[in-house]
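Peer 1: Residue numbers (the UniProt record's numbering): 1 to 143. No residue lacks a Cβ here, since even glycine has one placed at the ideal position from N, Cα and C. These numbers were taken from a predicted model, which means no experiment stands behind them. Here you go, one structure.
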Amino acid sequence: MDRLTSFAQDNLFLVLIFAGLTVALVVTEVRRLFRGFKGVSPVQLTELINRENALVLDLRGQAEFEKGHILGSKHLLPSQVDPESRLLAKSREAPVVLVCNMGVTAGGVAEKLVKAGFKRVAVLEGGINAWTGAGLPLAKGRA
């Protein structure tokens with residue numbers, strides 16, 4: 001214990017960095033538990049599409065979408081996602097999965113849908129990059 005105390009005193013900067021990173025990690029994980037939506041892997045998304053006819057919304061730009069998208073997905077820009085739209089209104093109880101490039105942009109849209117009362121919102125973890133990384137196919141062109 002004396003060696004640990006001595007190390008902490010001699011390396012205060014390292015100890016503070018370690019403490020800060022630990023707090024950041026804990027806060028991130030707690031927020032993930034209470035965010036109201038979940039992350040799904042490419043395999044889980046495939047199961048949701050096949051078993052529950054999940055609505056998949058691709059939030060990337062039009063050009064990226066046309067280069068390659070998940071078969072059956074619908075294209076919407078994040079600013080176009082309206083919980084009251086005809087496309088989304090019928091999916092309040094059904095699975096809705098949001099897809100972007102790396103899974104980051106979709107989180108904000110997922111929060112918006114959860115606040116609007118959607119019950120089964122998910123984000124493809126790792127985005128379309130994870131999908132292609134898993135060796136899963138993409139459709140080309142417009143939906």
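Just checking my contact of Ala139 with His69 at CB under 8 Å: how many whole Å lie between their CB atoms?
Peer 2: On the sequence shown, position 139 is the one that residue 139 refers to. On the sequence shown, position 69 is the one that residue 69 refers to. A Cβ-Cβ distance of about 6 Å is found for the pair Ala139 and His69, placing them in contact under the 8 Å criterion.
Peer 1: Considering only their Cβ atoms, is the gap separating Leu57 from Val81 smaller than 9 Å?
Peer 2: Here residue 81 refers to the residue found at position 81 when the sequence shown is read from its first residue. Here residue 57 refers to the residue found at position 57 when the sequence shown is read from its first residue. Yes, they are a contact pair.
Peer 1: Tell me the residue span of the beta strand (DSSP E) that contains Gly36.
Peer 2: Residue numbering aside, residue 36 sits at position 36 when the sequence shown is read from its first letter. Taken as a continuous stretch (DSSP letters only), Gly36 belongs to no beta strand (DSSP E), as it is neither H nor E.
Peer 1: Drop a sphere of 10 angstroms on the beta-carbon of Gly133, count the other beta-carbons inside from all chains shown, and report buried for 16 or more, exposed for fewer.
Peer 2: Taking the first residue of the sequence shown as 1, we reach residue 133 at position 133. It counts as exposed.
Peer 1: Measuring straight from C-alpha to C-alpha, what distance separates Ala89 and Ala24?
Peer 2: Locating residue 89 in the sequence shown gives position 89, where the first residue counts as 1. Locating residue 24 in the sequence shown gives position 24, where the first residue counts as 1. Cα to Cα, Ala89 sits roughly 37 Å from Ala24.
Peer 1: Excluding the five sequence neighbours on either side, which residues of its own chain have a C-beta within less than 8 Å of the C-beta of Pro137, listed in chain order?
Peer 2: Here the question's residue 137 lines up with position 137 in the sequence shown. Within the same chain, Leu71 come within 8 Å of Pro137 by CB-CB distance, once the 5 residues on both sides are set aside.
Peer 1: Along the chain, where does the alpha helix (DSSP H) that runs through Ala110 open and close?
Peer 2: In the sequence shown, the residue the question calls residue 110 occupies position 110. If you look at Ala110, you'll find it in the alpha helix (DSSP H) that goes 105-115.
Peer 1: Report the rounded CA-to-CA distance for Thr5 versus Lys38, giving the unit in angstroms.
Peer 2: Against the sequence shown, residue 5 aligns to sequence position 5. Against the sequence shown, residue 38 aligns to sequence position 38. Taking the straight line from one Cα to the other gives about 41 Å.
Peer 1: Rounding to the nearest angstrom, what Cα-Cα distance links Gln9 and Val26 in this structure?
Peer 2: In the sequence shown, counting from the first residue as 1, residue 9 sits at position 9. In the sequence shown, counting from the first residue as 1, residue 26 sits at position 26. Gln9 and Val26: Cα-Cα distance of roughly 24 Å.
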